[in-house]
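A.B. asks: The structure under discussion is supplied below as structure tokens; questions concerning it will follow.
Numbering (the working numbering), first residue to last: 1 to 196.
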């Protein structure tokens, strides 16, 4: 029974925590050190790790929040990794998708990357409860132009004319995937979104 209750409790806590910081608080260095150690400790209780991460993310010191994100990204706890993804993306004003060179790409790919190495999308609206960043509409989550987050995955969908589609996964502090870019002759590129 506990196997099913703990993941459900973490999922509920994660959804609530993403918006839990009504006020930023000052965290003293000793407490920050202890909380970071809890996040980094693979043998720690998952709830202890989660609440340590949540506490640090409410710090009024940006450096402490950054350390929490970086420490959480290295965690084996999937809930923490999901929170790192969610919190990192929801703090961004612009989603920057870098098109990457790779073995086996054609000359056309390389010319396109040289001309357009990065695609930038302004975040116009955030719906934390739905895990959605609208890249089109500024009063609701635009179903045809958004980045949606579920767990440790993010799906980018820009559909003015089937422009860009990609399903990203967290890899070493970045989101990685292959994206199809119709504006660049429908080519598929390896792509990356840096989280921090």
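Heads up, the beta-carbon is just placed ideally off N, CA and C, and yes, glycines get one too.
To the nearest angstrom, how far is the alpha carbon of residue 95 from that of residue 85?
C.D. replies: 13 Å
A.B. asks: Using a 10 Å radius around the Cβ and a threshold of 16 neighbouring Cβ atoms, would you call residue 37 buried or exposed?
C.D. replies: Classification for residue 37: exposed.
A.B. asks: Do the CB positions of residue 191 and residue 163 come within less than 8 Å of each other?
C.D. replies: no
A.B. asks: Run through DSSP, which three-state label would residue 80 get?
C.D. replies: In the displayed model, residue 80 falls within a helix according to three-state DSSP.
A.B. asks: Going by DSSP in three states, residue 176 sits in which element: helix, strand or coil?
C.D. replies: strand
A.B. asks: Drop a sphere of 10 angstroms on the beta-carbon of residue 185, count the other beta-carbons inside from all chains shown, and report buried for 16 or more, exposed for fewer.
C.D. replies: exposed
A.B. asks: So the beta strand (DSSP E) residue 157 belongs to, where does it begin and stop?
C.D. replies: 153–158 is the extent of the beta strand (DSSP E) around residue 157.
A.B. asks: Using DSSP with H/G/I as helix, E/B as strand and the rest coil, what is residue 70?
C.D. replies: helix
A.B. asks: Check whether the region 33–47 and the region 56–75 are in contact - that is, three or more C-beta pairs closer than 8 Å.
C.D. replies: yes
A.B. asks: Span of the alpha helix (DSSP H) holding residue 75?
C.D. replies: First-last for residue 75: undefined, no H or E at that position.
A.B. asks: What is the C-beta distance between residue 70 and residue 173, in whole angstroms, given that I count them as a contact (C-beta under 8 Å)?
C.D. replies: 7 Å
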